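Q: Residue 1 is where the sequence shown starts when you use full-length UniProt numbering, and the numbers rise one by one after that.
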Amino acid sequence: MISIVIDSKVTRWTREIKYVFGFIFQTLGYNFRFLEELEDLKANDILLVYGYTEPTPEELKSLAKHYITFFIPCDPDFFDAKAYSADRLRRCMREIKLLNITPVVSNRKFEYPAENYTESDISGGKINFDLVGNLFLHLSNLEESSDAGSMEKGFYPDSASAFYNYRETPIVDNLLWLMDSLIKEHCRAKNNCIVQKLYWPLAQQAAVLLSHSIDDLQKWDASSLILSIPDDLAMFFTFRWKQLAHTLTGKIQYLFTNYELNWNFDEFLKYEKDSNCRSTYFLATEANEEIDYSLEDPDLQEEIQKILHNGNDIGLLATADKLTQDDYLTRKQILLHLLGKEKLGIRQLNYKSNNTIRELQNKISPVFSQSTAFQSLPGYKNGMSLPWQPWVNGTKMDYWELPTIYRDEYLKINKHNYLQLEDAKHQLKKFFQNALRTHSIFSTDFTIASFSNISYMNKLYPYLLALIKSSNTYLTTAGELVDWWEKRNRVTINESEDQIGLMFPDDLDNFTLFLLGNPKIKEVAEMPAKVKGNQIQFSNIKADSIAVIVLEGK
């Protein structure tokens with residue numbers, strides 16, 4: 001059990017601090033609680049102190065002789081939206097070496113990100129910067145709130161962020177890794193047993209979310225054919241003949257057969273079915289300046305049934321033409337009625353999101369939002385690659401935000417040029433391998449129109465699916481991943497000296513635990529389980545069932 005003590009001097013920010021600690025330990029999968037009194041500590045507890053002042057050597061000795069003890073310094077300015085200006089963030093930014101070079105913000109200078117206490121009779125260590133505050137910075141979009149002067153048309157541009165040059169670094173993953181590594185190191189050294197829920201049901205290396213935004217189904221009409229002539233000439237005179245040939249072929253096909261080039265549902269469905277993959281499609285419910293289709297189209301109705309028949313999911317593609325709660329809710333209800341469902345997820349068109357839109361989404365109660373991604377280059381927006389509940393204007397949102405790491409938009413160099421196929425493959429492979437290393441989410445969005453717009457998509461997408469299938473991943477839909485994440489969080493663990501009790505309030509297909517501290521497992525009672533070393537795997541779990549892990553030598 002992780003027992004957390006928060007310095008009484010920072011009680012003004014208790015809600016924010018508890019929100020971050022909840023994110024840390026729910027994500028890492030550890031049992032945790034907040035303590036008012038040190039007298040409430042139990043045997044084998046790990047004590048974490050968060051405050052202004054590091055415990056004195058005398059205080060440490062009285063605690064760390066009996067309990068693994070960690071200290072994290074608090075910088076309350078992180079919890080004040082006006083305290084860290086854009087300039088101050090940059091001045092206080094420091095690079096540390098974790099899984100890779102990682103930027104953190106700290107007023108204090110330090111040599112190492114973390115240190116172990118050197119006294120032989122105490123066990124523990126300290127982190128030399130405010131890890132909690134740094135995580136809050138990313139979870140709450142603090143830059144967007146504190147740097148209003150950089151906003152463009154109501155949105156915070158990617159390039160304005162102090163972290164933009166680190167967009168290929170999963171900053172939050174790395175900070176979680178630091179906390180996790182300290183816990184594991186000291187549990188092993190002291191032979192202290194602690195239980196950890198693994199991220200994914202069967203301890204897969206990573207999770208994979210495939211998705212398709214349905215935003216543009218009509219590539220050509222008489223007007224667009226005429227208006228595109230200057231673009232064709234530009235491609236001709238700049239020697240972009242391959243792309244020109246691809247464009248002209250599509251125009252001729254449309255003129256002579258009326259074949260709609262952007263109507264690529266069958267192509268994606270076939271590749272995914274052949275690879276035994278599923279994805280999430282995001283569909284708008286109302287035509288407007290940005291959406292060129294209607295749900296009343298019988299051909300589209302047929303495609304929707306194919307999508308669902310193949311085991312895929314459909315979420316709402318929200319547009320910003322009507323930013324009112326009533327309009328958002330109406331569009332959600334229309335899609336729910338069409339799909340015959342009770343709940344769904346949401347994606348903001350083109351990933352144009354801000355705090356106003358996040359609050360609006362929260363008011364219509366989606367299961368998840370997948371509206372966070374960079375505009376033109378791949379990477380980890382807000383440093384995130386795992387689910388989180390955003391903190392917006394002083395409140396934790398009820399929905400889960402899921403990151404999108406790679407979009408087909410990133411293949412575009414300019415209006416007429418795309419990355420070479422091999423370069424595109426290299427990018428996808430790099431981010432997929434990052435996810436395997438951190439056991440996080442690798443998520444993509446290839447719009448339905450991209451199959452015809454990008455000449456090599458018939459080669460790139462099969463490559464992506466083969467890459468995913470080459471590793472042990474949790475390949476699922478966004479809705480199913482969030483359902484798993486919530487059920488994982490609801491599994492309760494009761495740790496004592498000689499046994500570990502688990503209670504499962506929900507049905508679960510699979511669930512995997514890891515026991516730290518080199519314990520010897522005598523038996524698993526009340527429920528069948530597979531034991532592989534210190535890893536315990538449960539299957540076909542029924543709601544309200546229990547399991548008891550009995551330990552030897554206690």
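Backbone N, C-alpha and C define an ideal beta-carbon position, used for all residues, glycine too.
Remember, predicted model here, so these are calculated numbers, not experimental data.
1. By DSSP, does Glu-552 sit in helix, in strand, or in coil?
2. Assuming contact is defined by CB atoms lying nearer than 8 Å, are Phe-34 and Lys-9 in contact in what I supplied?
3. Between the alpha carbons of Leu-515 and Asn-453, how many angstroms are there, rounded?
4. Could you tell me which of Arg-94, Ile-122, Tyr-456 and Glu-480 sits nearest to Pro-113, measuring between CA atoms?
5. Would you say the region 487-496 touches the region 354-372, given that touching needs at least three Cβ pairs under 8 Å?
6. Give me the Cα-Cα distance between Ala-131 and Leu-419, rounded to the nearest whole angstrom.
7. Three-state secondary structure (DSSP) at His-337?
8. What are the uninterrupted segments assigned as beta strand (DSSP E) that are 3 or more residues long and contained completely in the region 17-93, given in chain order?
9. Starting from Pro-378 and walking both ways along the beta strand (DSSP E), at which residues does that stretch end?
10. When DSSP labels each residue in this structure, what does Gly-383 get in the three-state scheme?
11. Counting C-beta neighbours from all protein chains within 10 Å, is the total for Trp-241 16 or more, i.e. buried, or is it exposed?
12. Cα separation between Asn-141 and Ile-127?
13. Starting from residue 568 and walking both ways along the alpha helix (DSSP H), at which residues does that stretch end?
14. Below 8 Å on the Cβ atoms is my guess for Ile-364 versus Lys-415; work out the distance and round it to an integer in Å.
15. Counting along the chain, where does the beta strand (DSSP E) carrying Val-491 start and finish?
16. Just list the residues that DSSP pairs Phe-282 with in beta bridges.
17. Out of Ala-320, Glu-111 and Leu-386, which one is the CA nearest neighbour of Trp-400?
18. So, at 6 Å on beta carbons, what are the nonlocal neighbours of Phe-256 in its own chain, with the 5 sequence-adjacent residues on each side left out?
19. How far does the beta strand (DSSP E) with Thr-512 in it extend, from its first residue to its last?
20. Does the Cβ of Lys-381 have 16 or more other Cβ atoms within 10 Å, making it buried, or fewer, making it exposed?
21. Run through the DSSP bridge pairs and tell me what Arg-347 is partnered with.
22. Going by alpha carbons, who is nearest to Glu-497 out of Ile-521, Leu-508, Phe-511 and Phe-504?
23. What are the start and end residues of the alpha helix (DSSP H) that includes residue 563?
24. If we ignore side chains and look at the alpha-carbon of each, how far apart do Lys-341 and Asp-509 end up?
25. Please name the residue or residues paired with Asp-445 in a DSSP beta bridge.
26. Which one of Ala-43, Leu-323 and Ile-549 has the shortest CA to CA distance from Asn-192?
27. By how many angstroms is the C-alpha of Lys-459 removed from the C-alpha of Tyr-164?
28. Hey, how far is the Cα of Ala-543 from the Cα of Met-503?
29. Do you know whose CA, among Ile-493, Gly-553 and Asn-518, lies nearest Ala-547's CA?
30. Assign Lys-270 to one of two classes, buried (16 or more other C-beta atoms within 10 Å of its C-beta) or exposed (fewer than that).
31. Just to confirm before moving on: does the CB-CB distance between Ile-549 and Ile-536 stay below 8 Å?
32. Counting pairs of beta carbons, one from the region 302-313 and one from the region 268-287, are three or more of them closer than 8 Å?
33. Mark Glu-272 as exposed unless 16 or more other C-beta atoms lie within 10 angstroms of its C-beta, in which case mark it buried.
34. If I'm right that residue 558 touches Tyr-461 with Cβ under 8 Å, what's the distance once you round it to whole angstroms?
35. Let me confirm a value: His-337 is counted as buried when at least 16 other C-beta atoms fall within 10 Å, else exposed. Which label applies?
36. In terms of residues, what are the limits of the beta strand (DSSP E) holding residue 563?
A: Considering the structure as presented:
1. Along the sequence shown, one-based indexing puts residue 552 at 552. If DSSP states are grouped into helix, strand and coil, Glu-552 belongs with coil.
2. Within the sequence shown, numbered from 1, the residue matching residue 34 stands at position 34. Within the sequence shown, numbered from 1, the residue matching residue 9 stands at position 9. It is not a contact, given that the beta carbons lie outside the stated cut-off.
3. Mapped onto the sequence shown, residue 515 falls at position 515. Mapped onto the sequence shown, residue 453 falls at position 453. Whole-angstrom Cα-Cα distance: 50 Å.
4. In the sequence shown, the residue the question calls residue 113 occupies position 113. Ranking Arg-94, Ile-122, Tyr-456 and Glu-480 by Cα distance to Pro-113 puts Arg-94 first.
5. Fewer than three pairs of CB atoms, one per stretch, sit closer than 8 Å, so the region 487-496 makes no contact with the region 354-372.
6. Position 131 of the sequence shown, counted from the start, is the residue given in the question as residue 131. Position 419 of the sequence shown, counted from the start, is the residue given in the question as residue 419. According to the sequence displayed, residue 131 carries Leu and not Ala. Distance between the alpha carbons of Leu-131 and Leu-419: 37 Å.
7. Working through the sequence shown from its first residue, we reach residue 337 at position 337. Three-state result, His-337: helix.
8. Within the region 17-93, the complete beta strand (DSSP E) segments at least 3 residues long are 32-34, 46-51 and 68-73, listed from N- to C-terminus.
9. Counting from one through the sequence shown, the residue named residue 378 turns up at place 378. Element bounds for Pro-378: n/a, residue is neither H nor E.
10. Position 383 of the sequence shown, counted from the start, is the residue given in the question as residue 383. Three-state DSSP puts Gly-383 in a helix.
11. Taking the sequence shown and counting its residues from 1, one reaches residue 241 at position 241. Bear in mind that the predicted position of Trp-241 carries a pLDDT of just 49, short of 50, making it unreliable; the figure below should be weighed with that in mind. With fewer than 16 Cβ atoms within 10 Å of its Cβ, Trp-241 is classed as exposed.
12. Residue 141 sits at position 141 when you count from the first residue of the sequence shown. Residue 127 sits at position 127 when you count from the first residue of the sequence shown. Pairing Asn-141 with Ile-127, the inter-Cα distance amounts to about 23 Å.
13. For residue 568 there is no data in the structure shown, the boundaries of the chain being 1 and 554.
14. As a first step, residue 364 must be located in the sequence shown, where it is residue number 364. As a first step, residue 415 must be located in the sequence shown, where it is residue number 415. Wrong, their Cβ atoms sit about 35 Å apart, outside the cutoff.
15. The residue labelled residue 491 in the question sits at position 491 within the sequence shown. Note, Val-491: premise wrong, no beta strand (DSSP E); not H, not E.
16. The residue given as residue 282 occupies position 282 in the sequence shown. Ser-213 and Gly-315, per the DSSP bridge assignment.
17. Position 400 of the sequence shown, counted from the start, is the residue given in the question as residue 400. Closest option to Trp-400, Cα to Cα, is Leu-386.
18. Within the sequence shown, numbered from 1, the residue matching residue 256 stands at position 256. Because Phe-256 carries a pLDDT of 48, less than 50, the predicted location of this residue cannot be relied on, and the following value inherits that uncertainty. Around Phe-256: no qualifying Cβ.
19. Taking the first residue of the sequence shown as 1, we reach residue 512 at position 512. Thr-512: member of the beta strand (DSSP E) spanning 508-516, first to last residue.
20. Your numbering for residue 381 matches position 381 in the sequence shown. Buried: at least 16 other Cβ atoms inside 10 Å.
21. Locating residue 347 in the sequence shown gives position 347, where the first residue counts as 1. Per DSSP, Leu-317.
22. On the sequence shown, residue 497 is found 497 positions in, with the first residue counted as 1. Measuring C-alpha to C-alpha distances from Glu-497 to each of Ile-521, Leu-508, Phe-511 and Phe-504 identifies Ile-521 as the nearest.
23. The structure shown does not extend to residue 563, since the chain is modelled only from 1 through 554, so no value can be given for it.
24. Here residue 341 refers to the residue found at position 341 when the sequence shown is read from its first residue. Here residue 509 refers to the residue found at position 509 when the sequence shown is read from its first residue. Here the C-alpha atom of Lys-341 lies approximately 22 Å from the C-alpha atom of Asp-509.
25. Counting from 1 along the sequence shown, the entry for residue 445 is found at position 445. Answer is Ser-211 and Arg-407, bridged to Asp-445.
26. If you number the sequence shown from 1, residue 192 lands on position 192. It is Ala-43.
27. Position 164 of the sequence shown holds residue 164. Position 459 of the sequence shown holds residue 459. Going by the C-alpha atoms only, they are around 30 Å apart.
28. In the sequence shown, the residue the question calls residue 543 occupies position 543. In the sequence shown, the residue the question calls residue 503 occupies position 503. Rounded to the nearest angstrom, the two C-alpha atoms are 9 Å apart.
29. If you number the sequence shown from 1, residue 547 lands on position 547. When only C-alpha atoms are compared, the closest one is Ile-493.
30. On the sequence shown, position 270 is the one that residue 270 refers to. Its Cβ having fewer than 16 others within 10 Å, Lys-270 is exposed.
31. Sequence index remark: in the sequence shown, residue 549 carries index 549 (1-based). Sequence index remark: in the sequence shown, residue 536 carries index 536 (1-based). A contact, by the Cβ cut-off of 8 Å.
32. Taking a cut-off of 8 Å on C-beta distances, the region 302-313 touches the region 268-287, as three or more cross pairs fall below it.
33. Position 272 of the sequence shown, counted from the start, is the residue given in the question as residue 272. With 16 or more other Cβ atoms within 10 Å, it is buried.
34. What the structure shows of the chain is the stretch from 1 to 554, and residue 558 is not part of that stretch, so it cannot be assessed.
35. Your numbering for residue 337 matches position 337 in the sequence shown. That one is exposed.
36. With the chain covering 1 to 554 only, the question about residue 563 has no answer from this structure.
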